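Which chain is which? The protein sequence lines are A and B, in order. Letter by letter, the first sequence follows residues 830 to 1058 in the numbering used here. Letter by letter, the second sequence follows residues 128 to 375 in the numbering used here. Ideal placement from N, C-alpha and C gives every residue a C-beta, glycine not left out. Treat the numbers as computed from the prediction; the structure is a model and nothing was measured.
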Amino acid sequence: MEKIREIVLPGEEIDLMGNKPGNGIYIENGKAYVEYLGVKTVKSGYLNIIPLSGRYQPQKGDKVIGKVVDIMPSNWVVDINAPYLAPLHVNDTPWKVDFGDTGKYLNVGDTIIAKIMSVNEVKQVWLTMKEPGLRKLEGGHVITVSPTKVPRIIGKDGSMIKILKDMTNSKIYVGQNGIIWIDGSIDSILKVVGAIRLIEREAHIIGLTDRVKDFLSKNKKENDENGRN
Amino acid sequence: MGGINKDIKLIDENGKRIDGRSFNELRPIKIEAGVLERADGSAYIEWGNNKIIAAVYGPREVYPKHMQDPSRAVLRARYNMAAFSVDERKKPGPDRRSIELSLVISNALSSVVLLEQFPRTAIDVFIEVLQADAGTRIAGLTAASVALADAGIPMKDLIVGCAAGKVDNTVVLDLNKEEDNYGQADLPVAIIPRTKEIVLFQMDGDMTFDEVEMGLNMAIDAALKVYELQKDALRRKYINLAQEDEQQ
């Protein structure tokens, strides 16, 4: 792989360097061009463009946080922050739901963790909750970040999210669609939100982990002092 | 706008224009990408005295539902002039002119955006003219194309444009307000820079065929200069993000 990843812009001609064209590349008259703003990467023989901005594009297997926006007799309609609303059918939930009784289990405004079961060629999305860990979220606080920032918030092998959880003693769930659910005391929620905004803002400056730790421990000290007074 | 003032001298003896430019000189241009927090993508452009903001939302669900297309996305651009953008207060709301410009801008952008990738969605582009000084449709379109790229929307290429026109029987580039109001013709052109395909071409006034051809060539050459500024604006915003990926 190249040392420096350069930014590519739509319409830019790109050298495939012997790779096959992957995501974000179109071919015209035998030449390869970039479709959207991003950075080049090579993975298993394909040259892909990783987007640096844009809306969440549903991918099969992603775990997302969504909000129920509509109820039908045998399914719910969920907003997952994507270009499309996603239906969740009663057969794909852990509950035994009678026809027309969907409202007893999930109501409009409820927030759930769901998995993307399938995405077809016309981008229709189906959700499922039939898996351990997928559930209705009760309590807590929900914030939205850019989906392109999600890997940064999770960190390498979940290192960043572990710091956030351990240092604030809160429950955090990061959906692939950029929606984050945080539960804990009011102080810890505020601390996590502050830390996440810091990550969003300063992810490109070296030493992010240390700065997040600093931020959290500084806050902790202040809170402790406040508690004593 | 409009009105003819025969007394005003738009080009002096040395061939300099009213603002001191030569016949083929652009006004100073400044482009900035990602200026709005809430929009999916945005851009701000200062083209001479024009000040325009463009915002992109989407792809998102189409409302009203009957506009939805099962095979592709619909791109809806709205060109709007602020009430305070011109000398005499502009009555707010869409009028004949802004409806037409919204349509030609939508069509121009639709020709590069890969709409087939987002069936049943809408991509909304809002172009707000804060201060107008001739050439707003092209400046707005240039900003809108930067905003689309900022929103991460797949497209074949950026779109860039420039206007030419005829003033005091001379073909000149990038008319300003006086030249637009008291000149003889205005010729806005927008192209796809890579292929030089024309995506927007209008003419207001009278020009001979040769003059049109000359104006068109001048506008295309100038548009390619503006294209560099567009790319520069996008790179400036995203250079940090690329470094961040580097670390990972």
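CA-to-CA distance, residue j to residue i, given in whole angstroms
{"i": "Ile894(A)", "j": "Ile1009(A)", "result": "7 Å"}
{"i": "Leu361(B)", "j": "Pro902(A)", "result": "47 Å"}
{"i": "Val1022(A)", "j": "Leu1045(A)", "result": "11 Å"}
{"i": "Leu285(B)", "j": "Tyr855(A)", "result": "15 Å"}
{"i": "Glu842(A)", "j": "Val863(A)", "result": "6 Å"}
{"i": "Val937(A)", "j": "Ala915(A)", "result": "14 Å"}
{"i": "Val906(A)", "j": "Ile1025(A)", "result": "29 Å"}
{"i": "Asn848(A)", "j": "Thr870(A)", "result": "11 Å"}
{"i": "Val951(A)", "j": "Ile972(A)", "result": "29 Å"}
{"i": "Ala291(B)", "j": "Phe328(B)", "result": "11 Å"}
{"i": "Ile254(B)", "j": "Glu835(A)", "result": "30 Å"}
{"i": "Lys217(B)", "j": "Ala210(B)", "result": "5 Å"}
{"i": "Asn296(B)", "j": "Asn151(B)", "result": "14 Å"}
{"i": "Ile900(A)", "j": "Gly932(A)", "result": "7 Å"}
{"i": "Gly1007(A)", "j": "Thr977(A)", "result": "8 Å"}
{"i": "Glu159(B)", "j": "Ile172(B)", "result": "6 Å"}
{"i": "Gly1036(A)", "j": "Ile1028(A)", "result": "11 Å"}
{"i": "Arg1057(A)", "j": "Asp930(A)", "result": "Here Arg1057(A) scores only 49 on pLDDT, less than 50, and its place in the model should not be relied on; the value that follows carries that caveat. Taking the straight line joining both Cα atoms gives about 51 Å."}
Residue j beta carbon less than 8 Å from that of residue i
{"i": "Val189(B)", "j": "Thr248(B)", "result": "yes"}
{"i": "Leu278(B)", "j": "Asp167(B)", "result": "The amino acid occupying residue 278(B) in the given sequence is Ala; Leu does not appear at that position. Closer than 8 Å, so yes."}
{"i": "Ile942(A)", "j": "Lys892(A)", "result": "yes"}
{"i": "Tyr913(A)", "j": "Trp924(A)", "result": "no"}
{"i": "Ile250(B)", "j": "Gly161(B)", "result": "no"}
{"i": "Tyr875(A)", "j": "Gly851(A)", "result": "yes"}
{"i": "Ala317(B)", "j": "Val287(B)", "result": "yes"}
{"i": "Ile179(B)", "j": "Leu275(B)", "result": "no"}
{"i": "Met345(B)", "j": "Val294(B)", "result": "no"}
{"i": "Val213(B)", "j": "Ala259(B)", "result": "yes"}
{"i": "Thr957(A)", "j": "Lys944(A)", "result": "yes"}
{"i": "Ile992(A)", "j": "Lys1042(A)", "result": "yes"}
{"i": "Ser975(A)", "j": "Asn998(A)", "result": "no"}
{"i": "Ile280(B)", "j": "Tyr865(A)", "result": "yes"}
{"i": "Val239(B)", "j": "Ile325(B)", "result": "no"}
{"i": "Leu431(B)", "j": "Ala204(B)", "result": "Because chain B spans 128 through 375 in this model, residue 431(B) falls outside it and cannot be assessed."}
{"i": "Met996(A)", "j": "Thr1038(A)", "result": "no"}
Chain B contact for residue i (CB, 8 Å cutoff)
{"i": "Ile900(A)", "result": "no"}
{"i": "Leu866(A)", "result": "yes"}
{"i": "Gly895(A)", "result": "no"}
{"i": "Ile945(A)", "result": "no"}
{"i": "Pro839(A)", "result": "yes"}
{"i": "Ile854(A)", "result": "no"}
{"i": "Val951(A)", "result": "yes"}
{"i": "Leu1027(A)", "result": "no"}
{"i": "Ile1001(A)", "result": "no"}
{"i": "Leu993(A)", "result": "no"}
{"i": "Met830(A)", "result": "A caution first: Met830(A) carries a pLDDT of 36, below 50, which makes its placement in the model unreliable, though a value can still be read off. Not one chain B Cβ lies under 8 Å of Met830(A)."}
{"i": "Arg1057(A)", "result": "Annotation note: pLDDT 49 at Arg1057(A) (below 50); position unreliable, no value reported."}
Option in the options with minimal Cα separation from residue i
{"i": "Glu84(B)", "options": "Asn141(B), Gln244(B), Ile145(B), Gly332(B)", "result": "Because chain B is modelled from 128 through 375, residue 84(B) falls outside the range shown and cannot be assessed."}
{"i": "Ile232(B)", "options": "Ile280(B), Tyr206(B), Ala274(B), Asn177(B)", "result": "Tyr206(B)"}
{"i": "Arg981(A)", "options": "Asn998(A), Gly962(A), Ile1011(A), Gln1005(A)", "result": "Gln1005(A)"}
{"i": "Ile946(A)", "options": "Gln888(A), Glu967(A), Asn904(A), Leu1027(A)", "result": "It should be pointed out that residue 946(A) corresponds to Met in this sequence rather than to Ile. With distances taken between Cα atoms, Met946(A) lies closest to Gln888(A)."}
{"i": "Phe245(B)", "options": "Asp260(B), Cys289(B), Ala200(B)", "result": "Ala200(B)"}
{"i": "Gly867(A)", "options": "Ser873(A), Gly883(A), Leu956(A)", "result": "Gly883(A)"}
{"i": "Arg264(B)", "options": "Lys323(B), Asn141(B), Pro315(B), Met330(B)", "result": "Pro315(B)"}
{"i": "Asp908(A)", "options": "Phe211(B), Arg187(B), Arg203(B)", "result": "Arg187(B)"}
{"i": "Gly332(B)", "options": "Arg363(B), Ala312(B), Gln357(B), Glu338(B)", "result": "Ala312(B)"}
{"i": "Glu164(B)", "options": "Gly984(A), Arg1030(A), Gly853(A)", "result": "Arg1030(A)"}
{"i": "Thr940(A)", "options": "Gln953(A), Pro961(A), Ile1011(A)", "result": "Ile1011(A)"}
{"i": "Ala266(B)", "options": "Ile138(B), Leu153(B), Lys143(B), Asn141(B)", "result": "Leu153(B)"}
{"i": "Asn877(A)", "options": "Glu857(A), Asp844(A), Val898(A), Tyr885(A)", "result": "Asp844(A)"}
{"i": "Gly1013(A)", "options": "Asp921(A), Gly969(A), Asp986(A)", "result": "Gly969(A)"}
Range of the contiguous beta strand (DSSP E) that encloses residue i
{"i": "Asn207(B)", "result": "201-208"}
{"i": "Gly847(A)", "result": "It is not in any beta strand (DSSP E) - Gly847(A) carries neither H nor E in the DSSP assignment."}
{"i": "Arg232(B)", "result": "It should be pointed out that residue 232(B) corresponds to Ile in this sequence rather than to Arg. Looking at the DSSP string, Ile232(B) is not in any beta strand (DSSP E); the run it does join, the alpha helix (DSSP H), is 223-237."}
{"i": "Asp307(B)", "result": "Where Asp307(B) is concerned, there is no enclosing beta strand (DSSP E), although the alpha helix (DSSP H) it sits in stretches over 304-309."}
Contact with chain C by residue i, beta-carbon distance below 8 Å
{"i": "Ser882(A)", "result": "Among the protein chains of the structure shown, namely A and B, there is no chain C."}
For residue i, the first and last residue of its enclosing alpha helix (DSSP H)
{"i": "Leu917(A)", "result": "It is not in any alpha helix (DSSP H) - Leu917(A) instead sits in the beta strand (DSSP E) that spans 914-918."}
{"i": "Ile909(A)", "result": "Ile909(A) -> no alpha helix (DSSP H), and no H or E assigned at all."}
{"i": "Pro980(A)", "result": "979-983"}
{"i": "Met996(A)", "result": "988-997"}
{"i": "Ile265(B)", "result": "263-277"}
{"i": "Asp295(B)", "result": "Careful: Asp295(B) lies outside any alpha helix (DSSP H) and carries neither H nor E."}
Chain A contact for residue i (CB, 8 Å cutoff)
{"i": "Tyr365(B)", "result": "yes"}
{"i": "Phe245(B)", "result": "yes"}
{"i": "Met128(B)", "result": "With a pLDDT of 48 at Met128(B), under the threshold of 50, the modelled position of that residue is not reliable, and no figure is offered here."}
{"i": "Ala181(B)", "result": "no"}
{"i": "Glu347(B)", "result": "According to the sequence as given, residue 347(B) is Ile; it is not Glu. So, not an interface residue."}
{"i": "Ile254(B)", "result": "no"}
{"i": "Pro186(B)", "result": "yes"}
{"i": "Asp277(B)", "result": "yes"}
{"i": "Ile145(B)", "result": "no"}
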